[in-house]
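Residue 312 in full-length UniProt numbering is what sits at position 312 of the sequence shown, and the numbering runs on without skipping anything.
Yeah, the Cβ is synthetic: ideal placement off N, Cα and C, and Gly gets one too.
Step one of this worksheet: look at the structure below.
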Amino acid sequence: MVPSFLTATGIFIPPFCVKNQDLVVAYNQYAQFFNLENAASIDVGQVAAKLRSDDDFILRHSGILQRYYVTAEGVLDPDVMCPLLPEIDEEHTSLMAEMGKNAALDALHQASVQGHEVDLIIVAASNVQRAYPALAIEIQDLLGASGLAFDLCGAECSAVMAMQLASQAIACGTATKALIISPEIGSAQTDFRDRETHFLLGDACSALLVENIAKTDALEIVNFNIASQFSNQIRNNFGFLNRLAPDSLYSKDKLFHQTPPSFPAIADAICTHLQQHLTELKLPLADVTQYFLQPTNRVLNQLIAEQLLTDVTEKRVPDCVAQYGGTGAAGLGLSFHLHQQLSASDYCVWVAFGAGFSVASMVLKKC
1 MVPSFLTATG IFIPPFCVKN QDLVVAYNQY AQFFNLENAA SIDVGQVAAK LRSDDDFILR
61 HSGILQRYYV TAEGVLDPDV MCPLLPEIDE EHTSLMAEMG KNAALDALHQ ASVQGHEVDL
121 IIVAASNVQR AYPALAIEIQ DLLGASGLAF DLCGAECSAV MAMQLASQAI ACGTATKALI
181 ISPEIGSAQT DFRDRETHFL LGDACSALLV ENIAKTDALE IVNFNIASQF SNQIRNNFGF
241 LNRLAPDSLY SKDKLFHQTP PSFPAIADAI CTHLQQHLTE LKLPLADVTQ YFLQPTNRVL
301 NQLIAEQLLT DVTEKRVPDC VAQYGGTGAA GLGLSFHLHQ QLSASDYCVW VAFGAGFSVA
361 SMVLKKC
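Next comes the structure, spelled out in structure tokens:
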């Protein structure tokens with residue numbers, strides 16, 4: 001079997017940084033308008049009043065300070081509360097493909113690889129901009145690549161799932177250079193009128209280059225452990241069948257929504273999964289130099305880290321949630337790109353988890 005190596009990473013961060021206070025001001029203005037407009041129904045208990053949001057609430061529930069959006073237009077307008085972007089016609093590059101191209105070029109430049117050398121592209125994201133043709137095929141065209149290209153949607157675990165497929169393709173010789181690209185536009189599925197979730201998601205894209213040869217600073221892909229179990233805890237019902245029920249076409253369930261999560265239960269499940277994975281590899285927890293945990297919620301990640309490890313440091317368990325918010329499948333690549341500090345023979349572990357409920361762990365070793 002041919003070994004596979006993560007040889008480069010690339011990222012694209014959109015230009016609009018929105019801080020908690022910006023969102024809080026807009027949300028509270030909206031909530032005030034809503035409560036005034038529905039005062040009579042609220043008074044008789046027919047409608048629930050909107051509670052105010054604040055910085056302390058956001059930090060206690062997520063640890064997020066800010067996030068980046070592809071556009072801020074509409075988001076901070078209490079009469080709109082939704083990102084506004086003109087639709088791109090079919091003759092121009094789609095938004096997610098443009099994000100993916102930028103992140104991919106960053107990774108290719110780092111590895112001194114040309115686009116035409118890439119023979120497998122997987123767009124791995126929570127949502128894709130359209131059903132077909134695949135965004136991966138559009139990016140393939142933009143890069144001048146060839147071979148196989150397809151989209152994969154596995155929520156936050158998408159990138160690690162795609163890494164496993166790319167590694168297997170390289171192992172059996174059907175690919176030599178693979179790009180896993182994760183364009184995420186979390187703002188487009190955020191309900192900015194929902195106090196519990198209006199602050200959680202940001203926009204970003206990561207690109208991971210996997211090759212069949214080791215290079216300077218490359219990491220050998222050692223092993224995967226991926227498991228899914230159906231859960232409705234996090235859900236988004238947007239899809240092509242929605243137009244068949246026009247009365248509910250734009251209802252709240254067509255955006256990101258969740259039941260109040262039980263952080264201890266989630267942490268237990270993730271820790272059990274990872275401990276079993278490392279035990280099978282005979283790799284002690286203490287011998288792993290860095291742990292990259294799914295950047296969705298800093299409070300949850302702190303709980304996981306403290307349950308797993310006796311020494312939790314910022315270097316050992318890096319965080320990018322505070323500055324970028326939850327960035328879905330792009331999150332682990334983003335965190336690794338910004339914070340990896342590994343020496344030769346060091347191990348690191350990526351742990352993705354999210355809607356599904358899926359958990360995906362990947363072990364890598366610095367060459």
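Note down, in chain order, each residue of its chain lying with its Cβ closer than 6 angstroms to the Cβ of residue i, except the 5 sequence neighbours on either side.
{"i": "S4", "result": "S167, I170, V210 and I221"}
{"i": "N102", "result": "F12"}
{"i": "K254", "result": "N237 and F238"}
{"i": "F263", "result": "L300 and L303"}
{"i": "T259", "result": "Q233"}
{"i": "S228", "result": "G356 and S358"}
{"i": "A26", "result": "L76 and P78"}
Given residue i, which residues of its chain have a CB within under 8 angstroms of its CB, disregarding the five upstream and five downstream residues?
{"i": "A155", "result": "S126, I234, G328, A329, G354, A355, G356 and S358"}
{"i": "residue 451", "result": "An answer regarding residue 451 cannot be provided, because it is not within the stretch 1 to 367 covered by the chain."}
{"i": "V160", "result": "F224, I226, L332, W350, A352, A360, S361 and M362"}
{"i": "C172", "result": "M1 and V2"}
Decide if residue i is buried, meaning its Cβ has at least 16 other Cβ atoms within 10 Å, or exposed.
{"i": "F12", "result": "buried"}
{"i": "R298", "result": "buried"}
{"i": "N232", "result": "exposed"}
{"i": "R195", "result": "buried"}
{"i": "G144", "result": "exposed"}
{"i": "Y132", "result": "exposed"}
{"i": "I213", "result": "exposed"}
{"i": "R243", "result": "exposed"}
{"i": "K177", "result": "buried"}
{"i": "C348", "result": "buried"}
{"i": "Q341", "result": "exposed"}
{"i": "A305", "result": "buried"}
{"i": "A286", "result": "exposed"}
{"i": "P284", "result": "exposed"}
{"i": "F199", "result": "buried"}
{"i": "T197", "result": "buried"}
{"i": "C320", "result": "buried"}
{"i": "I181", "result": "buried"}
{"i": "I88", "result": "exposed"}
Return the CA-CA distance between residue i and residue j, expressed in angstroms with no decimal places.
{"i": "L241", "j": "V128", "result": "16 angstroms"}
{"i": "C82", "j": "L293", "result": "29 angstroms"}
{"i": "G326", "j": "A162", "result": "19 angstroms"}
{"i": "L179", "j": "T190", "result": "28 angstroms"}
{"i": "N38", "j": "Q276", "result": "52 angstroms"}
{"i": "P318", "j": "A111", "result": "24 angstroms"}
{"i": "L303", "j": "K19", "result": "24 angstroms"}
{"i": "G100", "j": "L36", "result": "43 angstroms"}
{"i": "H337", "j": "F57", "result": "29 angstroms"}
{"i": "Q21", "j": "T9", "result": "32 angstroms"}
{"i": "H109", "j": "S53", "result": "43 angstroms"}
{"i": "S62", "j": "P261", "result": "12 angstroms"}
{"i": "L201", "j": "S187", "result": "6 angstroms"}
{"i": "residue 368", "j": "E138", "result": "In the structure as shown, the chain starts at 1 and stops at 367, and residue 368 therefore has no counterpart that could be examined."}
{"i": "T296", "j": "S158", "result": "14 angstroms"}
{"i": "F230", "j": "Y69", "result": "30 angstroms"}
{"i": "P78", "j": "G45", "result": "24 angstroms"}
{"i": "E91", "j": "D247", "result": "32 angstroms"}
{"i": "C367", "j": "D346", "result": "8 angstroms"}
{"i": "G115", "j": "S343", "result": "29 angstroms"}
{"i": "L165", "j": "Q32", "result": "49 angstroms"}
{"i": "K282", "j": "T272", "result": "15 angstroms"}
{"i": "Y30", "j": "V80", "result": "9 angstroms"}
{"i": "L309", "j": "T7", "result": "28 angstroms"}
Am I right that residue i and residue j are in contact with their C-beta atoms under 8 angstroms? What's the rounded C-beta distance?
{"i": "V123", "j": "D151", "result": "5 angstroms"}
{"i": "A107", "j": "A207", "result": "4 angstroms"}
{"i": "A204", "j": "L334", "result": "6 angstroms"}
{"i": "D43", "j": "V24", "result": "Actually they do not touch by this definition, with Cβ atoms about 26 angstroms apart."}
{"i": "K365", "j": "L219", "result": "6 angstroms"}
{"i": "L51", "j": "A322", "result": "Actually they are not in contact, since the Cβ atoms of L51 and A322 sit about 24 angstroms apart, beyond 8 angstroms."}
{"i": "R60", "j": "Y324", "result": "So it is not a contact: roughly 19 angstroms between Cβ atoms."}
Across which residues does DSSP place residue i in a beta bridge pair?
{"i": "I122", "result": "F150 and I180"}
{"i": "C157", "result": "Answer is none; C157 lacks a bridge partner."}
{"i": "L364", "result": "I221 and C348"}
{"i": "T9", "result": "L208"}
{"i": "S343", "result": "Answer is none; S343 lacks a bridge partner."}
{"i": "Y359", "result": "In the sequence on display, residue 359 carries Val and not Tyr. Bridge partners of V359: A227 and F353."}
{"i": "C17", "result": "Y68"}
{"i": "V288", "result": "Y347"}
{"i": "R235", "result": "H257"}
{"i": "I213", "result": "In DSSP, I213 forms no bridge with anything."}
With a threshold of 7 angstroms on Cβ separation, who are the neighbours of residue i within its own chain once the five nearest residues in sequence on each side are excluded?
{"i": "T71", "result": "F16, P83, L84 and L85"}
{"i": "V47", "result": "N38 and S41"}
{"i": "S249", "result": "With the sequence shown as reference, residue 249 is identified as Leu, and Ser is not the correct amino acid for it. For L249, where only same-chain residues beyond five positions count, the Cβ hits under 7 angstroms are N242 and R243."}
{"i": "L148", "result": "L120"}
{"i": "K252", "result": "D191"}
{"i": "A49", "result": "N35 and I42"}
{"i": "N28", "result": "R52 and S53"}
{"i": "E184", "result": "A125, S126, D203, A204, C205, T327, G328, A329 and A330"}
{"i": "A104", "result": "G10, I139, L143, L179, I181 and A207"}
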